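K.L.:
Take this structure first; my questions come after.
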């Protein structure tokens, strides 16, 4: 079931990203109207369901394996963007998707088993500090219209959210809702969603997704052993190399997908007047 949750999250994240990007790409439309567009609402629902599937994966598989859902969503995004926006992938893009997929298989192989994470004061302080940094730096990036910086903050927000979810003790559901990890998960998750939406307004969907994926996947995956995951010795040697390959594949895919062809003036069908 853990693998099923990972796959479901990857598909939902990927499709939701493209649907949201399509609504935000409509020219001459106010932001408030874009956020109410059916495509954006549908994409948000898909992202929400993906987050639930990801949370279930975090409870059943190791952190590194659960983060495969995030990386895998980039391939779904790239393919969906190719169909929706006409974005070129090219041979390099196809190879990047193959490298990303292969690295995820290797990472899942050496990621070990999910363990019981121990909540500590240091981790809680780290999550709160991360939320503050993500909020302030993301705001600065949004004001300066730096899509890549906002995307990094979005990814780090989601990374902190995944880490916080891993720390939530579900054996006591009522007390878990008011725990510091649960509050930190809600705060960092909200910041991740906010900066994700802002980044999509100023950058290409595949490029933004690639930056978010790298920022979201790498830190929690490396923190897995500190969060109670039982990993084999090979993890410490293989995981950094595999994550570096995945990051390079994401960057390559973003570069290959940066220029749409042909340009789509309106990616959404116009409504037929009554």
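Numbering (mature numbering (1 follows the signal peptide of the UniProt record, and there is no 0)), first residue to last: -21 to -1, 1 to 253. Backbone N, C-alpha and C fix where the C-beta goes; we use that ideal spot for every residue, glycine too. In this text the structure is predicted, and so the values were computed from the model without any measurement.
Return the first residue and the last residue of the alpha helix (DSSP H) that residue 198 is part of.
P.N.:
As a first step, residue 198 is located in the chain shown; it is residue number 219 there, counting from the start. Per DSSP, residue 198 belongs to the alpha helix (DSSP H) from 184 to 202.
K.L.:
If I measure Cβ to Cβ from residue 51 and keep anything under 7 Å in the same chain, skipping five residues before and after, which residues do I get?
P.N.:
In the chain shown, residue 51 corresponds to position 72, counting from 1. -12 and 83, listed in sequence order.
K.L.:
Could you tell me whether the stretch 8 to 19 touches the stretch 29 to 37, using the rule of 3 or more Cβ pairs below 8 Å?
P.N.:
Verdict: no, contact absent.
K.L.:
Kindly indicate the opening and closing residues of the alpha helix (DSSP H) around residue 15.
P.N.:
The count along the chain shown starts at 1 and reaches residue 15 at position 36. Here the alpha helix (DSSP H) through residue 15 covers 10 to 15.
K.L.:
Have a look at 78, 153 and 173 and flag the residue whose alpha-carbon is nearest the alpha-carbon of residue 226.
P.N.:
Numbered from 1 along the chain shown, position 247 holds the residue referred to as residue 226. Selected option, being the one with the closest Cα: 78.
K.L.:
So the candidates are 100, 133 and 101; which of them puts its Cα closest to the Cα of residue 116?
P.N.:
The count along the chain shown starts at 1 and reaches residue 116 at position 137. For residue 116, the nearest C-alpha among the options comes from 133.
K.L.:
Could you pull out every residue in the same chain whose Cβ sits closer than 6 Å to the Cβ of residue 127, ignoring the five residues on either side in sequence?
P.N.:
Start at 1 with the first residue of the chain shown, and residue 127 comes out as number 148. Once the five neighbours on either side are set aside, the close Cβ partners of residue 127 are 190.
K.L.:
Round the Cβ separation of residue 167 and residue 109 to the nearest angstrom and send it over; I've been treating them as touching at under 8 Å.
P.N.:
Counting from one through the chain shown, the residue named residue 167 turns up at place 188. Counting from one through the chain shown, the residue named residue 109 turns up at place 130. Contact flag correct, Cβ pair sits at about 7 Å.
K.L.:
On the criterion of 16 or more Cβ atoms from any shown chain inside 10 Å, does residue 186 qualify as buried, or is it exposed?
P.N.:
The residue labelled residue 186 in the question sits at position 207 within the chain shown. Residue 186 is buried by the Cβ-count criterion.
K.L.:
Alpha carbon to alpha carbon, what distance is there between residue 11 and residue -3?
P.N.:
Mapped onto the chain shown, residue -3 falls at position 19. Mapped onto the chain shown, residue 11 falls at position 32. Going by the C-alpha atoms only, they are around 16 Å apart.
K.L.:
Evaluate residue 176 with the Cβ neighbour count: other Cβ atoms within 10 Å of its Cβ, from every protein chain shown; 16 or more gives buried, anything less gives exposed.
P.N.:
Along the chain shown, one-based indexing puts residue 176 at 197. Buried is the call here.
K.L.:
Do you know whose CA, among 183, 156, 81 and 206, lies nearest residue 223's CA?
P.N.:
The sequence position of residue 223 within the chain shown is 244, counting from 1. For residue 223, the nearest C-alpha among the options comes from 81.
K.L.:
Could you spell out where the alpha helix (DSSP H) holding residue 176 opens and where it closes?
P.N.:
In the chain shown, the residue the question calls residue 176 occupies position 197. Where residue 176 is concerned, the enclosing alpha helix (DSSP H) stretches over 159 to 181.
K.L.:
Starting from residue 206, trace the alpha helix (DSSP H) both ways and give me its first and last residue.
P.N.:
The count along the chain shown starts at 1 and reaches residue 206 at position 227. Element bounds for residue 206: n/a, residue is neither H nor E.
K.L.:
Could you compute how far the alpha carbon of residue 129 sits from the alpha carbon of residue 174?
P.N.:
Translated into positions along the chain shown, residue 129 becomes position 150. Translated into positions along the chain shown, residue 174 becomes position 195. Taking the straight line from one Cα to the other gives about 6 Å.
K.L.:
Excluding five sequence neighbours on each side, which residues of the same chain lie with their C-beta closer than 7 Å to the C-beta of residue 159?
P.N.:
To locate residue 159, count along the chain shown from 1; it is residue 180. So the list reads 103, once near-sequence residues are dropped.
K.L.:
Which parts of the stretch 62 to 146 are runs of the alpha helix (DSSP H), unbroken and 4 residues or longer, counting only runs that do not cross its ends?
P.N.:
The qualifying runs are 69 to 89, 100 to 123 and 126 to 146.
K.L.:
Whole-angstrom Cβ separation of residue 63 and residue 1, contact assumed at under 8 Å?
P.N.:
Working through the chain shown from its first residue, we reach residue 63 at position 84. Working through the chain shown from its first residue, we reach residue 1 at position 22. So it is a contact: roughly 6 Å between Cβ atoms.
K.L.:
Using the three-state DSSP reduction, which class does residue 219 fall into: helix, strand or coil?
P.N.:
What you label residue 219 is simply residue 240 of the chain shown in a count that begins at 1. Helix.
K.L.:
Roughly how many angstroms lie between the CA atoms of residue 89 and residue 210, to the nearest whole one?
P.N.:
Position 110 of the chain shown, counting from 1, holds the residue named residue 89. Position 231 of the chain shown, counting from 1, holds the residue named residue 210. Near 7 Å, if we compare the C-alpha coordinates of residue 210 and residue 89.
K.L.:
For residue -15, which three-state DSSP category applies?
P.N.:
Translated into positions along the chain shown, residue -15 becomes position 7. Three-state DSSP puts residue -15 in a helix.
K.L.:
Given a threshold of 16 other Cβ atoms within 10 Å of its Cβ, counted over all protein chains shown, does residue 188 qualify as buried or as exposed?
P.N.:
As a first step, residue 188 must be located in the chain shown, where it is residue number 209. That one is buried.
K.L.:
I think residue -7 touches residue 25, with their Cβ atoms under 8 Å apart; what is that distance to the nearest whole Å?
P.N.:
Taking the first residue of the chain shown as position 1, residue -7 is located at position 15. Taking the first residue of the chain shown as position 1, residue 25 is located at position 46. Sure, about 5 Å apart at Cβ, within 8 Å.
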